[in-house]
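*Asks:* Numbering (my numbering), first residue to last: 9 to 225.
Ideal Cβ positions, reconstructed from N, Cα and C, are used throughout, including at glycine.
Okay, handing you the structure first.
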């Protein structure tokens with residue numbers, strides 16, 4: 009994919025091009041520039057902003073900003089018109105973030121039946137199980153995710169967090185360490201390592217992990 013600067017220049021010359029707008033939004037989201045991506049969408053003509061690809065990016069930005077109700081409201085009409093695993097996944101994720109665990113589980117089950125299983129669906133199933141404190145189900149879902157993608161960052165990090173929540177400190181320590189060796193910025197692994205440091209009253213290490221998890225370093 010071209011750089012953010014190049015995509016910005018291309019879009020400036022062709023400001024109603026939905027493909028360029030979507031590529032630029034993707035690049036901005038990937039580089040942590042969500043606020044700038046929002047301005048890209050806001051500047052588009054209304055007919056372009058209403059296109060499915062643009063609305064999908066707008067919903068992703070809603071999710072990143074914690075606007076879960078708005079994200080679900082954007083995604084539901086898209087999913088009714090377009091059969092895509094990413095749409096169903098994000099609807100279920102938005103429902104999960106609203107603490108609608110039953111709704112998220114039903115959406116996910118329908119998505120798996122419609123599209124088949126994949127690593128992202130399995131990770132989402134693990135998140136739902138963790139919210140229900142069903143650690144055995146979460147472990148099974150994470151094992152499935154890692155079977156699809158053995159170095160899936162979120163699955164590895166959630167495995168550490170699941171072990172921590174289940175009270176298996178040695179396993180949590182090992183899995184968090186393994187994950188962070190591969191992915192030093194993985195959110196759940198950093199949270200796990202921070203909590204483990206607090207347990208042994210290592211406040212400096214804990215603060216470093218939590219700050220990194222929150223993107224402050």
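So, does the region 185-193 touch the region 144-157, judging by three or more C-beta pairs under 8 Å?
*Replies:* no
*Asks:* Just verifying my parser: in three-state terms, what is the DSSP assignment at residue 101?
*Replies:* helix
*Asks:* Using the C-alpha atoms, what's the distance from residue 97 back to residue 91?
*Replies:* Computed Cα separation, rounded: 11 Å.
*Asks:* Ends of the alpha helix (DSSP H) at residue 48?
*Replies:* 42-50
*Asks:* How should residue 70 be labelled, buried or exposed, when 16 other C-beta atoms within 10 angstroms of its C-beta is the threshold for buried?
*Replies:* buried
*Asks:* Three-state secondary structure (DSSP) at residue 95?
*Replies:* Helix, per DSSP.
*Asks:* Is it true that the region 17-30 meets the region 47-66, where meeting means three or more beta-carbon pairs spaced less than 8 Å apart?
*Replies:* yes
*Asks:* State buried or exposed for residue 162, treating a residue as buried only when at least 16 other CB atoms are found within 10 Å of its CB.
*Replies:* buried
*Asks:* Whole-angstrom Cβ separation of residue 103 and residue 112, contact assumed at under 8 Å?
*Replies:* 4 Å
*Asks:* Can you give me the Cβ contacts of residue 28 inside the same chain, cut-off strictly under 8 Å, excluding the 5 residues immediately before and after it?
*Replies:* 15, 18, 19 and 22
*Asks:* Out of 84, 197 and 86, state which residue places its alpha-carbon closest to the alpha-carbon of residue 221.
*Replies:* 197
*Asks:* Among 171, 52 and 64, which one has its Cα closest to the Cα of residue 37?
*Replies:* 64
*Asks:* Could you tell me whether the Cβ atoms of residue 213 and residue 169 are closer together than 8 Å?
*Replies:* no
*Asks:* From 166, 132 and 49, pick the residue whose C-alpha is nearest to that of residue 94; which is it?
*Replies:* 132
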